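Participant: I am attaching a structure below and will ask some questions about it afterwards.
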Amino acid sequence: SLQPKALATDLFKILCPSRYLLRVGQSPLVYSTAQKSAKIVSPTKLFRSFVSPGLTFLAMSSSPDNSTPALSKYDPEQVLRVKKLSEHATMPIRGSPQSAGFDLSAAERCVISAGCRGVVKTDLSIACPPGTYGRVAPRSGLAVKKFIDVGAGVVDADYRGNVGVVLFNFGTEDFEVNVGDRIAQLVLEKISMVPAMEVEELTETERGAGGFGSTGVSAKKQRTVSPLPEEGKQ
């Protein structure tokens, strides 16, 4: 097992100069050792190789004199818990400290034919922080370059199964997926768990029952869709 001093050294290797959350070991000794250490390194890169199953969080910010980063503890409940279901699973990571979503990677090799859809497994099971759910969203690069979109993107907070990504290939060429390819992103969003109540009337609004395109510039020029003629009639 790693000694506290050695573990603290590994932690410093992946700390980012800006404010950033970092997964570290469960032992309070790790946090204490990190606080007392006088040798804190501020590399220009974020090394993503160190991932510990612990749930204690550290945040890094500059000290008043901007010479040494200061460490502070974060709420352990506000963490995305991730369980790998196979050796092919890839831990979700953020592409940059300010990225909204965690990149999700494929855990299997497959091909999404042109004009078709398919479900790609990540072999990950997650537990979202209290008051949130996971939204599986497309990656901009795949959408622009390969015409790949994502559907059925809600991961409920109480779901503990294998997170699958529904990929739609709107392109004219088959899309090949390999193990480890980043295929989507997981965005944590807040949710209000309110009850539903049936009422007789709703409050009036300026928009009222206006539907698709009712607030657009050309709303008055909408085309009316005519029903198809019945069979045998023209």
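In terms of the numbering used here, the sequence shown has 136 at position 136, counting the first letter as 1, and numbering is strictly consecutive. Cβ coordinates follow ideal geometry from the N, Cα and C atoms, glycine included. The model shown is predicted, which means the values in this text are computed figures rather than measured ones.
1. Checking 8 Å against the spacing of the C-beta atoms, do Ala114 and Asn169 come in under that value?
2. Since I believe Val120 is in contact with Ile183 (beta carbons under 8 Å), could you give me their beta-carbon distance rounded to a whole number of angstroms?
3. Could you check where the beta strand (DSSP E) with Val136 kicks off and where it finishes?
4. Compute the Euclidean distance between the alpha carbons of Ala89 and Pro129, then round it to the nearest angstrom.
5. Among Asp158, Arg117, Val144, which residue has its Cα nearest to the Cα of Ala152?
6. Keeping to the same chain, check which residues put their C-beta closer than 8 Å to that of Arg94; ignore five residues upstream and five downstream.
7. What would DSSP say about Ala143, mapped onto helix, strand or coil?
8. Would you tell me roughly how many angstroms separate the C-alpha atoms of Gly161 and Glu77, rounded to the nearest one?
9. When we look at the beta-carbon of Pro138 and count the other beta-carbons within 10 Å, is it buried (16 or more) or exposed?
10. What residue range does the beta strand (DSSP E) around Val177 cover?
11. Under 7 Å Cβ to Cβ from Lys45, same chain only, skipping five residues before and after it: list those, please.
12. Among the candidates Phe147, Asp158, Phe175, whose CA atom is the shortest distance from the CA of Val81?
13. For the beta strand (DSSP E) containing Leu202, name the first residue and the last one.
14. Using a threshold of 8 Å, state whether the C-beta atoms of Val155 and Ile126 are closer than that.
15. Find the nearest neighbour of Asn150 within the set Val187, Glu206, Lys83, judged by alpha-carbon distance.
16. With DSSP collapsed to three states, give me the class of Ala89.
17. Over what stretch of residues does the beta strand (DSSP E) that includes Phe168 continue unbroken?
18. Give me, in chain order, the residues of the same chain whose beta-carbon lies closer than 7 Å to that of Thr172; leave out the 5 immediate sequence neighbours on both sides.
19. Helix or strand or just coil, what does DSSP make of Leu188?
20. Look at Thr122 and Glu189 and say whether their C-beta atoms are less than 8 Å apart.
21. To the nearest angstrom, how far is it from the Cα of Glu87 to the Cα of Gly180?
22. With distance defined between alpha-carbon atoms, name the residue in Lys146, Glu198, Val136, Asp174 nearest to Val163.
Facilitator: A quick look at the data gives this:
1. yes
2. 6 Å
3. 132 to 137
4. 21 Å
5. Arg117
6. Gly101, Phe102, Asp103
7. helix
8. 21 Å
9. buried
10. 175 to 177
11. Note that Lys45 scores 38 on pLDDT, short of 50, meaning its location in the model is unreliable; the coordinates nonetheless yield the value given after this. Excluding sequence neighbours, Lys45 sits near nothing in its chain.
12. Before going further, note that residue 81 is Arg rather than Val in the sequence given. Considering only Phe147, Asp158, Phe175, the residue with the shortest C-alpha distance to Arg81 is Asp158.
13. Counting along the chain, Leu202 sits inside no beta strand (DSSP E), nor does DSSP assign it H or E at all.
14. yes
15. The displayed chain sequence assigns Val, not Asn, to residue 150. The residue with the shortest Cα to Cα distance from Val150 is Val187.
16. coil
17. 164 to 169
18. Excluding positions up to five away in sequence, the list reads Ala114.
19. strand
20. no
21. 11 Å
22. Nearest C-alpha to Val163: Val136.
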